[in-house]
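J.: Mapping of the sequence shown onto the UniProt record's numbering: residues 1 to 180, in sequence order.
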Amino acid sequence: MGKLLYSVTMSLDGFIAGPGGDMSWLTEHLGPNPMVDDLIGRIGALLVGNRTFGGDDPYKGVEEREGKAFGGGWEGPQFVLTHHPRPASADITFVDDLAEAVTAAKAAAGDKYVNVLGADVARQCLAAGLLDEILTLVAPVLLGDGVRLFDHPGGSNVKLEQLSVSHVPHAVNIWHRVVR
């Protein structure tokens with residue numbers, strides 16, 4: 001079965017979204033990235049937080065990319081973790097239990113990655129010992145406020161093993177494995 005991967009773009013000061021979940025900052029930092037292009041082909045399913053699913057879109061206003069995973073670069077089954085499930089649609093299933101969502105997403109992904117989207121879902125997966133890897137694209141910008149990559153008041157020490165680092169003009173890609 002595939003691995004659970006949290007992939008995210010983050011500002012240099014540790015924010016993945018601006019205040020109120022604003023994703024407009026990200027638009028100018030999206031661009032060709034061979035690591036992301038390769039990853040998209042290795043994703044079998046998405047596990048998405050409800051706020052991320054219904055939130056701000058960095059491709060807002062770009063007709064052919066708005067509202068689509070990876071700006072339209074990926075299609076497939078999505079599992080949205082929410083306290084208020086709704087009826088499923090063609091590729092979107094709403095689930096109210098983390099373990100159930102992960103199990104269903106992994107089954108749908110087969111031997112490919114389940115890509116986690118959303119800081120809170122990633123934090124929950126990490127706390128439950130379910131997250132396998134983290135890919136962070138660090139963008140050259142300081143946001144100063146917003147949604148943190150990993151916010152756990154009171155803290156916890158999560159050990160990571162660096163798997164790779166690569167650079168593109170608009171980001172530094174850092175891939176880690178979660179050490180258990």
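Virtual Cβ for every residue (Gly too), placed ideally from N, Cα, C.
Only a predicted model underlies this, so the values are computations on that prediction, with no experimental measurement involved.
Does Ser89 pass the burial test, meaning 16 or more other C-beta atoms within 10 Å, or should it be called exposed?
T.: exposed
J.: Let me check understanding here. Comparing Cα to Cα, which of Gly2, Arg177, Leu47 lies closest to Phe94?
T.: For the set Gly2, Arg177, Leu47, the Cα lying nearest the Cα of Phe94 is the one of Leu47.
J.: Since Leu163 and His152 are thought to touch, with beta carbons under 8 Å apart, how far apart are those beta carbons, to the nearest angstrom?
T.: About 23 Å; that fails the 8 Å criterion.
J.: Grab me the residues of Asp120's own chain with a C-beta within less than 6 Å of its C-beta, minus the 5 sequence neighbours each way, in chain order.
T.: Leaving aside the five residues that flank Asp120 on each side, the residues in its chain whose CB is nearer than 6 Å to its CB run, in chain order, Gly49.
J.: Give the single residue among Arg123, Val147, Val138 whose Cα lies nearest to the Cα of Asn157.
T.: Minimum Cα distance to Asn157 is reached at Arg123.
J.: According to DSSP, what are the bridge partners of Thr136?
T.: Paired residues: Val8, Ile174.
J.: Grouping DSSP H, G and I as helix and E and B as strand, with all else coil, what is Phe53?
T.: helix
J.: Should Val141 and Val172 be called a contact, given that it needs their Cβ atoms to be closer than 8 Å?
T.: no
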